[in-house]
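Visitor:
Protein chains: 2
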Amino acid sequence: MTTREAIRIVRGAQAARASVLARKPLDEITGSPELQSSIERLFGKPMTLDQVVATILNDVRNDGDTAVQHYSTLLDGGAVEPLRVSAEEIERAWQSTPQPLRDALTHAAERIAAFHQLQKAGSWLNWGDEGTLGQMVRPLERVGIYAPNGRVPYPSSLLMAAVPAKVAGVPHVVVATPPRGGQLSQTILAAAYAAGVDEVYAVGGAQAIGALAYGTASIPRVDKILGPGNIFVVLAKRRVYGSVDIDQLPGPTETLLVADESANPVFAAADMLAQAEHDPLASAILITPSCQLAERVQAEIGRQLTSLSRAETIRASLESNGAIVLAEDVDEAIQLANEYAPEHLCLLLADAWERLGQVRNAGGVFVGEWASEALGDYAIGPSHIMPTNRTARFSSPVNIWDFVKITSVFNINPDALPALSATAITLAEEEGLTAHAQAVRVRLQACDQEVRHG
Amino acid sequence: MTTREAIRIVRGAQAARASVLARKPLDEITGSPELQSSIERLFGKPMTLDQVVATILNDVRNDGDTAVQHYSTLLDGGAVEPLRVSAEEIERAWQSTPQPLRDALTHAAERIAAFHQLQKAGSWLNWGDEGTLGQMVRPLERVGIYAPNGRVPYPSSLLMAAVPAKVAGVPHVVVATPPRGGQLSQTILAAAYAAGVDEVYAVGGAQAIGALAYGTASIPRVDKILGPGNIFVVLAKRRVYGSVDIDQLPGPTETLLVADESANPVFAAADMLAQAEHDPLASAILITPSCQLAERVQAEIGRQLTSLSRAETIRASLESNGAIVLAEDVDEAIQLANEYAPEHLCLLLADAWERLGQVRNAGGVFVGEWASEALGDYAIGPSHIMPTNRTARFSSPVNIWDFVKITSVFNINPDALPALSATAITLAEEEGLTAHAQAVRVRLQACDQEVRHG
């Protein structure tokens with residue numbers, strides 16, 4: 006039997022840059038025809054997704070809880086009263102969760118907490134001759150985490166945002182999760198319990214983002230919103246950015262493996278299949294200088310694929326966004342990885358540790374064959390919420406710095422005033438800001454008088 | 006002679022919250038009638054500011070340098086060829102700068118560098134029983150700084166972004182500054198020289214932001230854009246966010262003083278006048294429990310105001326956005342400051358250091374009467390680019406973390422696989438991600454076999 010291979014092999018860096026490694030610019034997002042017609046039915050007229058989101062946000066800002074409940078009924082098929090889920094209901098969900106899942110949630114939360122406790126993000130002061138300068142580092146007061154409630158909930162994503170927030174010292178970590186047909190996900194409530202979340206609200210979609218950003222009578226507004234969501238949630242996060250902080254605008258997930266001939270093709274194939282099962286837009290890419298490995302992984306993917314429950318999604322993903330790329334050598338493979346800036350970078354290399362310093366752009370780097378990306382998604386400790394779509398060039402996985410902010414501390418000894426004042430007055434006058442120069446001068450004069458009369 | 010006071014006194018927290026301390030939501034920004042008619046003249050039809058920006062960005066993305074030079078000619082009154090300013094021209098600008106200004110720029114750059122060198126933002130690894138985990142912290146590759154070239158240039162703002170970027174280790178710090186009537190600001194070029202900027206490009210407005218975000222033949226794209234600008238620059242930064250990182254969407258500047266009866270009214274008045282001279286939207290607010298101080302500062306503002314060159318702007322600012330607020334006590338004054346979350350918070354208090362821990366939300370805190378905010382704007386060291394419009398709740402002044410990003414490092418000892426795998430498999434199966442469970446299992450099995458046959 007000869008079937009078409011599930012994944013193609015691309016030969017050479019140039020061909021790879023022009024195809025599987027090419028990044029598309031962020032474009033306007035349009036909904037499917039089904040989505041468009043359901044918008045027209047629900048809102049009484051055709052609207053773009055962004056117009057729908059703008060309308061919902063505006064209504065929530067103006068009408069608060071009333072608008073929230075209106076949209077829960079209209080879009081999620083049922084509102085829950087009251088919006089705040091009681092501590093008893095959250096604890097009941099935990100108690101009724103099967104023991105193995107409770108153990109797994111507890112263990113994952115402990116691992117995430119232990120890792121983030123190692124990250125230092127503290128205040129500092131420096132007592133110098135000119136005065137005392139430093140940075141006060143403080144946790145945010147309120148953080149909102151969005152937890153989708155689709156066909157399958159993702160309790161792990163809730164843990165990966167909520168646990169670092171609690172470790173950072175955020176006193177109010179709140180979760181918003183949609184009532185699907187009037188029902189909350191019991192697994193999400195159990196995960197909120199395991200993560201030590203402080204408040205849970207039964208609201209989803211753009212209306213949840215609006216409520217978290219602007220506040221309503223029932224839902225106090227937060228300082229930052231994190232967590233994945235559907236296209237309405239993403240567009241709403243983009244719109245409220247500035248009123249509150251957001252974690253990122255997530256794109257499809259990506260895993261890039263760099264492997265040499267020492268790599269186990271069974272592991273490499275399994276890692277690519279795991280990546281591809283997320284959705285058809287997910288990217289699973291292997292770059293290797295070894296033709297033999299390339300062919301073995303290609304064969305192994307075909308073999309393992311048949312037994313997987315999500316084979317259809319995997320096939321679609323591998324066909325559109327997957328590839329095995331043949332590079333000149335490992336140096337070129339890492340160079341291509343740095344250009345691509347993947348969310349996940351797996352180094353299946355004999356000298357993986359020696360190569361680590363060559364990595365410039367990646368959300369997470371998995372060093373050696375035992376640290377599988379799938380294990381990292383759940384149980385290792387660093388957050389699995391990582392930058393996608395080449396944003397690893399400039400942004401970081403969720404970490405303690407997402408939940409704190411800096412206040413600069415300025416204190417000056419009067420002895421230091423003359424030298425500093427000369428510089429400040431010159432620059433202020435250059436910029437035409439004469440009252441700035443004056444605010445510096447009145448102190449210089451007072452200080453001078455103290456010295457003379459003191 | 007009785008004239009109307011330049012600044013009002015507001016009595017009580019409630020009245021203050023309802024007036025001068027109230028925050029307005031971020032609204033759609035519309036241009037003045039003059040701006041609207043010049044848009045219609047230049048673009049041949051009426052357009053909103055955001056439509057103008059979208060058009061410019063789109064043209065720059067599609068047509069690169071051609072579009073950049075077209076808009077420089079159309080909007081700035083002259084393009085400069087080539088776009089990249091030569092090292093010789095930058096050095097000439099430095100050589101022809103008067104010595105006192107060169108000294109001030111050098112001194113300020115040294116102070117900013119010295120402060121930011123004290124901030125720790127380093128990689129770490131932790132060698133635990135389960136494996137080696139950590140965070141790799143790396144500088145961004147290319148950072149773009151926008152430097153306006155209006156009637157008066159602001160060299161200090163360039164230093165406050167570029168110097169921390171160089172301290173963080175960014176190899177390519179580039180500046181974009183508009184050719185005003187075909188001329189660059191020599192002071193901006195001199196500041197770029199003092200800051201050790203690597204490249205300067207003669208382009209401004211939304212076209213500069215587009216070129217930095219998307220890249221052109223002459224201007225390689227950057228990873229992050231910082232720096233103040235006019236409304237077109239701000240709207241363009243908002244639109245390219247996601248393709249690149251941005252520092253913030255700056256609002257009008259704010260200074261809030263908390264003072265007790267020990268405060269020197271001359272200093273307090275001078276600080277408020279300095280703040281108010283920026284522009285009519287700037288806010289200068291004093292909160293104090295002392296009626297006597299309130300009246301003295303009010304009188305002193307009237308007295309100092311008459312001699313200042315920007316008195317007209319100051320009057321407009323103090324009238325619309327300034328106030329002296331009478332609070333119950335210092336605790337309430339700091340509580341109001343925390344709610345307002347000012348860009349600058351000045352503690353003119355006898356026990357300023359003891360009160361520092363009460364400060365929760367501020368961009369910078371000026372402890373004691375000698376550290377004037379105006380001195381901090383130029384010569385103390387921490388960056389003067391700070392969060393405005395209540396974003397100090399969740400964001401920080403420009404600092405080293407703006408110029409680095411984290412890559413999480415995952416490495417696992419095979420011994421640790423059984424315990425971690427159980428948790429990962431349970432959660433993966435709960436989430437329906439069976440290929441994830443499989444990627445974990447293939448390693449568990451291999452590890453098992455090694456133990457049995459090894």
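Here the protein sequences line up with chains A and B, keeping their order.
Here the first sequence is numbered in this note's numbering, starting from 6 and rising by one per residue.
Here the second sequence is numbered in this note's numbering, starting from 6 and rising by one per residue.
Cβ coordinates follow ideal geometry from the N, Cα and C atoms, glycine included.
(1) Return the CA-CA distance between residue 148/A and residue 207/A, expressed in angstroms with no decimal places.
(2) Residue 391/B CB to nearest chain A CB: under 9 Å?
(3) For the stretch 104-125 of chain B, which residues have a CB atom closer than 7 Å to at least one CB atom of chain C, in sequence order?
(4) Any contact between the stretch 169-180 of chain A and the stretch 386-398 of chain B? By contact I mean 3 or more CB pairs, one from each, below 8 Å.
(5) In the DSSP assignment, find the beta strand (DSSP E) that holds residue 375/B and state where it starts and stops.
(6) Check whether chain B comes within 9 Å of residue 204/A, counting only Cβ atoms and requiring the distance to be less than that.
(7) Since residue 144/B is in the beta strand (DSSP E), which residue starts that stretch and which ends it?
(8) For residue 6/A, which three-state DSSP category applies?
(9) Short of 8 Å Cβ to Cβ, which residues in the stretch 403-416 of chain A face chain B?
(10) Using DSSP's beta-bridge definition, name the partner residues of residue 206/A.
(11) Excluding the 5 residues preceding and the 5 following residue 6/A in the sequence, name in chain order all residues of the same chain whose CB lies nearer than 8 Å to its CB.
(12) Nearest chain A C-beta to residue 452/B closer than 9 Å, yes or no?
(13) Compare the C-alpha of residue 304/A against each of 286/A, 328/A, 294/A and 108/A and name the closest.
(14) For residue 265/A and chain B, any beta-carbon pair shorter than 9 Å?
(15) Would you check if the distance between the CB atom of residue 444/A and the CB atom of residue 272/B is smaller than 9 Å?
(16) Could you name the residues that DSSP lists as bridge partners for residue 259/A?
(17) Give the single residue among 249/B, 349/B, 311/B and 455/B whose Cα lies nearest to the Cα of residue 219/B.
(18) Taking all protein chains shown into account, do 16 or more other C-beta atoms lie within 10 angstroms of the C-beta of residue 368/A, making it buried, or fewer, making it exposed?
(19) Taking Cβ-Cβ distances shorter than 7 Å, what residues in chain B pair up with residue 276/A?
(20) Could you tell me which chain B residues have their CB closer than 7 Å to the CB of residue 131/A, listed as they occur along the chain?
(21) Cα separation between residue 234/A and residue 158/A?
(22) List the residues that DSSP assigns as beta-bridge partners of residue 364/B.
(23) Quick one, are the C-beta atoms of residue 128/B and residue 139/B less than 9 Å apart?
(24) Can you check whether the C-beta of residue 298/A is within less than 9 Å of a C-beta belonging to chain B?
(25) Where DSSP assigns a beta bridge to residue 127/A, which residues make up the other side?
(26) Counting only beta-carbon separations shorter than 9 Å, does residue 37/A have a partner in chain B?
(27) To the nearest angstrom, how far is the alpha carbon of residue 196/A from that of residue 163/A?
(28) Could you name the residues of the same chain whose beta carbon sits closer than 7 Å to that of residue 274/A, not counting the 5 residues immediately before and after it, in chain order?
(29) Give me, in chain order, the residues of the same chain whose beta-carbon lies closer than 7 Å to that of residue 242/A; leave out the 5 immediate sequence neighbours on both sides.
(30) Beta strand (DSSP E) containing residue 412/B: first to last residue?
(31) Checking contacts by CB at 9 Å: is residue 418/A closer than that to chain B?
(32) Can you name the residues of chain A whose CB is closer than 7 Å to the CB of residue 377/B?
(33) Would you say residue 383/A reaches chain B, if we count a Cβ-Cβ gap shorter than 9 Å as a contact?
(34) Say whether chain A places a C-beta atom closer than 9 Å to the C-beta of residue 243/B.
(35) Quick check on the burial criterion: 16 or more other C-beta atoms within 10 angstroms. Buried or exposed for residue 62/B?
Guide: So, to answer that:
(1) On the first sequence, residue 148/A is found 143 positions in, with the first residue counted as 1. On the first sequence, residue 207/A is found 202 positions in, with the first residue counted as 1. Distance between residue 148/A and residue 207/A, taken at the CA atoms: about 16 Å.
(2) Walking along the second sequence from the start, residue 391/B turns up at place 386. For residue 391/B, the closest Cβ of chain A is nearer than 9 Å.
(3) The structure shown contains no chain C; its protein chains are A and B.
(4) The stretch 169-180 of chain A is not in contact with the stretch 386-398 of chain B.
(5) Reading the second sequence from its first residue, position 370 is the one you call residue 375/B. For residue 375/B, no beta strand (DSSP E) encloses it, and the DSSP letter there is neither H nor E.
(6) Numbered from its first residue, the first sequence carries residue 204/A at position 199. Output row for residue 204/A: interface = no.
(7) Locating residue 144/B in the second sequence gives position 139, counting from the first residue. Residue 144/B: member of the beta strand (DSSP E) spanning 137-144, first to last residue.
(8) The sequence position of residue 6/A within the first sequence is 1, counting from 1. Only weak support exists for where residue 6/A lies, its pLDDT of 39 falling under 50; the coordinates are left without a value.
(9) Listed in sequence order: 404, 406, 410, 411, 412, 413, 414, 415 and 416.
(10) Locating residue 206/A in the first sequence gives position 201, where the first residue counts as 1. For residue 206/A, which the question treats as bridged, DSSP gives the partners 89/A and 181/A.
(11) For the purposes of this step, residue 6/A is identified with residue 1 of the first sequence, where counting begins at 1. Any reading at residue 6/A needs caution, since the residue's pLDDT is 39, under 50, leaving its predicted position unreliable; the model's value is listed next. If we look at residue 6/A and ignore the five residues flanking it on each side, it has no Cβ neighbours.
(12) Taking the second sequence and counting its residues from 1, one reaches residue 452/B at position 447. Yes, contact with chain A.
(13) By one-based count along the first sequence, residue 304/A stands at place 299. Of the listed residues, the one whose Cα sits closest to residue 304/A is 328/A.
(14) Here residue 265/A refers to the residue found at position 260 of the first sequence. No, no contact with chain B.
(15) If you number the first sequence from 1, residue 444/A lands on position 439. If you number the second sequence from 1, residue 272/B lands on position 267. Yes, the Cβ-Cβ distance between residue 444/A and residue 272/B is below 9 Å.
(16) Along the first sequence, one-based indexing puts residue 259/A at 254. The partner list for residue 259/A (beta bridge, DSSP) reads 288/A.
(17) Sequence index remark: in the second sequence, residue 219/B carries index 214 (1-based). Of the listed residues, the one whose Cα sits closest to residue 219/B is 249/B.
(18) In the first sequence, the residue the question calls residue 368/A occupies position 363. Looking at its Cβ environment, which holds 16 or more other Cβ atoms inside 10 Å, residue 368/A is buried.
(19) Position 271 of the first sequence, counted from the start, is the residue given in the question as residue 276/A. For residue 276/A, the chain B residues whose Cβ falls inside 7 Å of its Cβ are 444, in order along the chain.
(20) For the purposes of this step, residue 131/A is taken as the residue at position 126 of the first sequence. What residue 131/A touches in chain B: 123.
(21) Residue 234/A sits at position 229 when you count from the first residue of the first sequence. Residue 158/A sits at position 153 when you count from the first residue of the first sequence. Rounded to the nearest angstrom, the gap between the Cα atoms of residue 234/A and residue 158/A is 11 Å.
(22) What you label residue 364/B is simply residue 359 of the second sequence in a count that begins at 1. Per DSSP, residue 364/B has no beta bridge partner at all.
(23) For this step, residue 128/B is matched to residue 123 along the second sequence. For this step, residue 139/B is matched to residue 134 along the second sequence. Yes; because the gap between Cβ atoms is below 9 Å, this pair is in contact.
(24) If you number the first sequence from 1, residue 298/A lands on position 293. No Cβ of chain B is located within less than 9 Å of the beta carbon of residue 298/A.
(25) The residue you call residue 127/A lines up with position 122 of the first sequence. The partner list for residue 127/A (beta bridge, DSSP) is empty, contrary to what the question assumes.
(26) As a first step, residue 37/A must be located in the first sequence, where it is residue number 32. No - not a single Cβ of chain B is within 9 Å of the one on residue 37/A.
(27) For the purposes of this step, residue 196/A is taken as residue 191 along the first sequence, with counting starting at 1. For the purposes of this step, residue 163/A is taken as residue 158 along the first sequence, with counting starting at 1. The straight-line gap from Cα to Cα measures roughly 7 Å.
(28) Your numbering for residue 274/A matches position 269 in the first sequence. Same-chain partners within the cutoff: 302, 305, 306 and 309.
(29) Along the first sequence, read from residue 1 onward, the residue named residue 242/A stands at position 237. Within the same chain, residue 242/A has close Cβ partners 214, 230, 251 and 254.
(30) Numbered from its first residue, the second sequence carries residue 412/B at position 407. Element bounds for residue 412/B: 409-415.
(31) Translated into positions along the first sequence, residue 418/A becomes position 413. For residue 418/A, the answer is yes, since a Cβ of chain B falls inside 9 Å of its Cβ.
(32) For the purposes of this step, residue 377/B is identified with residue 372 of the second sequence, where counting begins at 1. By Cβ distance, chain A contributes 444, 445 and 448.
(33) One-based indexing of the first sequence puts residue 383/A at position 378. It does: the Cβ of residue 383/A has a partner Cβ on chain B nearer than 9 Å.
(34) Within the second sequence, residue 243/B is the residue found at index 238, counting from 1. Closer than 9 Å to some Cβ of chain A, the Cβ of residue 243/B qualifies, so yes.
(35) Walking along the second sequence from the start, residue 62/B turns up at place 57. Within 10 angstroms of the beta-carbon of residue 62/B lie 16 or more other beta-carbons, which makes it buried.
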